[in-house]
Amino acid sequence: MKHSLKIKIGKKMRTIKEERSKIPIFQSTEWSKRREARKEARLNKKKKIIERRKRRAEKEKSEEKEAITEKEDD
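Residues 1 to 74 in UniProt numbering are what the sequence shown lists, from first letter to last.
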């Protein structure tokens, strides 16, 4: 179980992550670029996995067709 550090601000306990998002440094372009890069990497990884599955499915179909044609030739 993850525990985020909490700090007391005013009467509320808030996570550091919540407060950090309000600090201008963390809203800067460098951080948003990193965030975008991570997002892009995730999407690319998903795309690769989908492509791999498609290729594998096509390969299996072609193998089945070859097996059927071999049976007909006999």
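Virtual Cβ for every residue (Gly too), placed ideally from N, Cα, C.
Here the alpha carbon of E63 sits roughly 18 Å from the alpha carbon of E51.
Counting only the Cα atoms, A41 lies some 12 Å from K33.
The alpha-carbon of K59 is positioned some 31 Å away from that of K39.
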